[in-house]
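J.: With the sequence shown counted from 1, adding 41 to any position gets you the working numbering. Every residue, glycine too, gets a C-beta built ideally from N, C-alpha and C.
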Amino acid sequence: MKKIIQIVDNERGVVLIVAILILVILTLLGVTGIKTSSTEQAVAVNEEIYKMTFYAAEAGRTYVMANTDLYHTLNVTVGPPGLNFPDDANPANKDPIPNSDMSINGNVEYTGAFALPRGSGYEHPKFRSHRYKMTSNGYGPRNAQVTVEAAFYRVGF
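1. As a quick exercise: from 167, 171, 86, pick the residue whose alpha carbon is nearest that of residue 192.
2. Does DSSP put residue 163 in a helix, a strand or coil?
3. Would a C-beta distance cut-off of 8 Å place residue 143 and residue 94 closer than the cut-off?
4. Distance check for residue 61 and residue 97, CA to CA, integer angstroms please.
5. Thinking C-beta only, is residue 163 closer than 8 Å to residue 117?
6. In terms of alpha-carbon separation, which member of 92, 101, 182, 113 lies closest to residue 126?
7. If you drop the 5 nearest sequence neighbours on each side, which residues of the same chain put their C-beta closer than 8 Å to that of residue 198?
8. When the Cα atoms are used, what is the spatial distance from residue 111 to residue 74?
9. Between residue 154 and residue 119, what straight-line distance do the alpha-carbon atoms span, to the nearest angstrom?
10. Helix, strand or coil for residue 76? Go by DSSP, reduced to three states.
11. State the start and end residues of the unbroken beta strand (DSSP E) segment that holds residue 211.
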């Protein structure tokens with residue numbers, strides 16, 4: 042009978058088992074934390090690349106404003122194909138943005154002439170609102186691509 046009581050009173054190995062269980066739980070928490078931070082870092086990098094590429098596409102608007110031949114008398118035929126920038130002969134060409142690994146290209150399409158919007162400051166019936174649709178593509182690192190579309194008009198005869 043003494044042997045049975047001695048086996049029940051022997052609790053020396055329990056501390057080792059509890060310590061191993063705590064170490065396993067802490068290891069799982071650590072691994073989960075590392076995975077979560079790695080995923081969040083990848084998301085942050087992708088977001089940064091998207092923003093850079095978006096701003097590259099937005100730079101296409103500035104490019105179009107600076108190149109009036111894209112929306113002047115050379116481009117007054119309604120509908121596609123419009124004029125491509127930076128190279129109308131080869132629409133796939135891209136214009137690199139200085140000091141970066143980004144580039145742009147796009148298209149300016151004439152959509153027609155309409156009466157001027159009210160309050161535009163031009164009241165003469167001879168003036169028309171020549172409307173255009175601009176599509177600008179921004180290209181960034183890791184083959185990122187963003188397309189921005191904008192509509193604008195110019196006043197003319």
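T.: Concretely, from the data shown:
1. Nearest option by C-alpha distance: 171.
2. coil
3. yes
4. 54 Å
5. It is not a contact, given that the beta carbons lie outside the stated cut-off.
6. 101
7. 167, 168, 169
8. 53 Å
9. 9 Å
10. helix
11. Because the chain is modelled from 42 through 198, residue 211 falls outside the range shown and cannot be assessed.
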